[in-house]
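**Student:**
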Amino acid sequence: MILQKGGGFVLNVRCRKILADLLNAPYPIPTEILMEKYDVSERSIKYDIGKLRAYLAENAPDVTLAYQARRGFSFEAKPDALYAFQQKMDVELQKPSAFSSERIRHIVFTMLLTRDYITLQSMADVLQVSKDTVLRDMEAVDAFFTAWNIHVERRAHRGLRLVTTESKRRQAIAYFILSGFELPDMEKTIAQFWHGADAKTLQTTICCYLMTEEEFSRLYRGCRIILREMRAGRENLQAKELLELFVRICVSFHAVRSGNVIESTGDGVHWNSDLRTRLDHRLEELFAAFDLTITRDELDWLALPLAHTYAAGENFPVEGLVRQLIRRTSEVMDVPFETDGELYENLLLHMRRILIKKQSYAINVNPLIDDIRRRFGGLFETVKQVCYDLFDASHIYLHDGDISYIVLYFRLSYETLFGKTYVRTLVVCSSGISSAKLLMKQLQNTFDVLQIVGCCSIAEVERVVAENPVELIISVLPLQSHLPCVVVQAILQKQDVEKIRATLAEFRVVSKARECTLQKSSPVRTNEMQIYHQFAEEVICSGFNLFGQVMEAAGRRLAPQREKGLLLHCLLAVNRFAGGAAYAGLLPSRMYGGEMADLATDIRNVLREYAPKVPDSEVEAILNYFAEAEG
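Just add 2 to wherever you are in the sequence shown, counting from 1, and you've got this note's numbering.
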């Protein structure tokens, strides 16, 4: 449980999951079921229930978490109040978090904001967990700081302390705040800036650690005016850059008020002098409103996200930075990227292009960034952390678009080292992206071996190929390229499919570890496997549905072992129904009366939704799970 300013708190991950279980369950959940599911003791579950009740008392006083003897826990409230609570929790439980655990998030923030030693026990007391729990969390915390090259100093009888520079500490805090946003949340927050709405998601994180809600509101109003002026003054300014600037302002506000001074950034930040002068003046006014004085070094640090140039002369050590990038990523990901010589050459060439663009104020936009973050999320976050650490010292600010291209080269290296299962393909149309969307969808549906890295017009092929590791081009018009190219119709025809399949059969990947062939299976075998896969998927889904309906009809839970047996029985039952086979009655038939007879009728009605004729042996077999539990 993470304490917030103002007395509130955020539930930890297990509490959030238990909350979701209780909301979704149509019947009470016993303690034993929760113990089995989360592999914890009864004491831990009772402790979590206590947290949930405290959370309800503060956030939903009309809803209570009640316990029914011999049945379990469930929410109780008037229908309107319970419905409103469910709607609220649907939104809360879907909010993304930067790490898999809010507890780890709190530990990272606490250590970044604490300049002195801090003990594991003190963090355990705040989080209301054991010291051993915090000790286990430190593995993920150490991984985060390792990626940033921040040293965690450990002293007996004193605790832990971060050894790093002020600029690197601040950069990590700003990154950590922004990393909690998925793209939809980022877009929503940016839209709130321009329309004057409250940025609740951003406010929750910042007010929890950096300032009070009243301070945030004042800072937010002042920053919105500054950011609008900045956007009006430069046409190529991206909205995400402005959000990063606002987060930096919040981090700087907390640091300046705490008396922590930033190191000099030297002559590394140079851009439009008129716009920079207005920004400096506005920031000085904003901080003065809080009786704070902001230095020139502080202003330079704040302006870094908006500076698309860098202090690099002819002797700028780009080769060394690229080697460090590969080495650090290898260490964090535990992948031997350093053994791939082509990765170094590719990244060196790419980084030189990035630096040239930044000298000319060009912005590197990657339309595939969302897909890259979704498919290679772990690699993306690691490379981003390492890049922030390495290039920030040289006053080079890499945006997500820049980093996403770097991730593609690391992914290419990974496939070269360990083999691959798809071919990176560029789709080319006659005029623009819109006319290629249908072709892209047809290709994705027909060839699962193709990874569509994007689509472009014929005039943009050279640029896209230069910036992306592309292996195959599929075009609606003939073109000249050093890469294999297949010319097809805008609407895919049978002969087009055969041409693509013939080209794919020639692709091979030669790995340092092994050699493997990448090709499609024969059409007949592929179709058969697809049919088997679809059949198995339908059987499993139907079996789970049957299990849920049987449990709902019974209105009570079983012991964990018995419940697992019933689930397996339901899966096999659906498979028997599909094959027309009856359940072999291995147990002697039993006569049931009263509630068990009613349950038998309910089970028979449920089974009739899956098979027109339900054998008595099938009903009795399911009924035995509940009958023996009663006995």
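Cβ atoms here follow ideal geometry from the backbone N, Cα and C, with glycine treated the same way.
Does residue 607 pass the burial test, meaning 16 or more other C-beta atoms within 10 Å, or should it be called exposed?
**Tutor:** By the neighbour-count rule (16 or more Cβ atoms within 10 Å), residue 607 is not buried but exposed.
**Student:** Extract the residue ranges of the beta strand (DSSP E) inside the stretch 108-160, only unbroken runs of 3 or more that lie entirely within it.
**Tutor:** The stretch 108-160 contains these whole beta strand (DSSP E) runs: 153-157.
**Student:** With which residues is residue 664 paired in a DSSP beta bridge?
**Tutor:** No answer is possible for residue 664: the residues shown for the chain start at 3 and end at 633.
**Student:** Can you name, in chain order, every residue of its own chain whose Cβ lies under 7 Å from the Cβ of residue 342, other than the five neighbours on each side?
**Tutor:** 415, 418, 419.
**Student:** In the DSSP assignment, what residue or residues form a beta bridge with residue 477?
**Tutor:** In DSSP, residue 477 forms a bridge with 430, 489.
**Student:** Determine the burial state of residue 628: buried for a count of at least 16 other Cβ atoms within 10 Å of its Cβ, exposed for fewer.
**Tutor:** Counting Cβ neighbours within 10 Å, residue 628 comes out buried, since at least 16 surround it.
**Student:** Residue 278 by DSSP, collapsed to three states: which one?
**Tutor:** Correct three-state label for residue 278: helix.
**Student:** Comparing alpha-carbon positions, which option in 264, 306, 458 lies nearest residue 295?
**Tutor:** Residue 264 is the option with its Cα nearest to residue 295.
**Student:** How about residue 635 and residue 427: are their beta carbons less than 8 Å apart?
**Tutor:** Lying before the first or after the last residue shown, residue 635 is absent from the chain, which here runs from 3 to 633.
**Student:** Does the stretch 80-95 come within contact of the stretch 127-134, defined as at least 3 CB pairs closer than 8 Å?
**Tutor:** Cβ pair count under 8 Å is below three, so no.
**Student:** If residue 430 sits next to residue 463, beta carbons under 8 Å apart, how far is it from one beta carbon to the other, in whole angstroms?
**Tutor:** Yes, they are in contact, since the Cβ atoms of residue 430 and residue 463 sit about 6 Å apart, within 8 Å.
**Student:** Taking only three categories from DSSP, how would you classify residue 76?
**Tutor:** Residue state, collapsed to three classes: strand.
**Student:** So for residue 167, helix, strand or coil by DSSP?
**Tutor:** Residue 167 falls in the coil class under three-state DSSP.
**Student:** Between which two residues does the alpha helix (DSSP H) carrying residue 33 extend?
**Tutor:** Per DSSP, residue 33 belongs to the alpha helix (DSSP H) from 33-40.
**Student:** Does the Cβ-Cβ distance between residue 251 and residue 304 come in under 8 Å?
**Tutor:** Cβ atoms of residue 251 and residue 304: closer than 8 Å.
**Student:** Go through its chain and collect everything with a Cβ distance to residue 573's Cβ below 6 Å, but skip five positions before and after it.
**Tutor:** Taken in chain order, the residues that qualify are 545.
**Student:** Return yes when the Cβ of residue 326 is within less than 8 Å of the Cβ of residue 277, no when it is not.
**Tutor:** Contact: no.
**Student:** Whole-angstrom Cβ separation of residue 29 and residue 557, contact assumed at under 8 Å?
**Tutor:** Contact holds; Cβ gap of about 6 Å.
**Student:** Identify, in the order they occur along the chain, each residue of the same chain with its Cβ nearer than 8 Å to the Cβ of residue 31, setting aside the five sequence neighbours on each side.
**Tutor:** Excluding positions up to five away in sequence, the list reads 23, 24, 74, 75, 76, 559.
**Student:** For residue 425, write down the residues that DSSP places opposite it in a beta bridge.
**Tutor:** DSSP output for residue 425 lists 452 as bridge partner(s).
**Student:** Which residues in the same chain have their Cβ closer than 7 Å to the Cβ of residue 286, if we skip the five residues on either side of it in sequence?
**Tutor:** Contacts found: 296.
**Student:** Name the two residues that bound the continuous alpha helix (DSSP H) containing residue 49.
**Tutor:** Where residue 49 is concerned, the enclosing alpha helix (DSSP H) stretches over 44-61.
**Student:** Closest to residue 638 by C-alpha separation, out of 625, 602, 145, would be which residue?
**Tutor:** Since the first and last residues shown for the chain are 3 and 633, residue 638 lies out of range.
**Student:** Would you kindly work out how many angstroms separate the C-alpha atoms of residue 619 and residue 597, rounded to a whole number?
**Tutor:** Cα-Cα distance, rounded: 19 Å.
**Student:** Using the beta-carbon count (16 or more within 10 Å), is residue 384 buried or exposed?
**Tutor:** It counts as buried.
**Student:** Leaving out the 5 sequence neighbours to the left and right, which residues in its chain are closer than 6 Å to residue 34 when beta-carbon positions are compared?
**Tutor:** Hits under 6 Å: none found.
**Student:** For residue 454, which residues in the same chain have their Cβ closer than 7 Å to its Cβ, ignoring the five residues on either side in sequence?
**Tutor:** Cβ neighbours of residue 454 beyond the five flanking positions: 427, 429, 442, 445, 446.
**Student:** Which residue marks the beginning of the alpha helix (DSSP H) containing residue 66, and which one marks its end?
**Tutor:** First-last for residue 66: 66-70, but that is the beta strand (DSSP E), not the alpha helix (DSSP H).
**Student:** When burial is assigned at 16 or more other CB atoms within 10 Å of the CB, is residue 477 buried or exposed?
**Tutor:** The residue is buried, with at least 16 neighbouring Cβ atoms inside 10 Å.
**Student:** What three-state label does DSSP hand residue 294 in the structure shown?
**Tutor:** Correct three-state label for residue 294: coil.
**Student:** Compare the C-alpha of residue 626 against each of 469, 614, 571, 504 and name the closest.
**Tutor:** Comparing Cα positions, the closest option is 571.
**Student:** Is it buried or exposed for residue 16, if we count other Cβ within 10 angstroms and need 16 for buried?
**Tutor:** Buried is the call here.
**Student:** What three-state label does DSSP hand residue 288 in the structure shown?
**Tutor:** Residue state, collapsed to three classes: helix.
**Student:** Reducing DSSP to helix, strand and coil, say where residue 162 ends up.
**Tutor:** Residue state, collapsed to three classes: strand.
**Student:** Quick one: measure Cβ to Cβ for residue 122 and residue 136, integer angstroms, because I've assumed they're closer than 8 Å.
**Tutor:** Yes, residue 122 and residue 136 are in contact; Cβ-Cβ is about 5 Å, under 8 Å.
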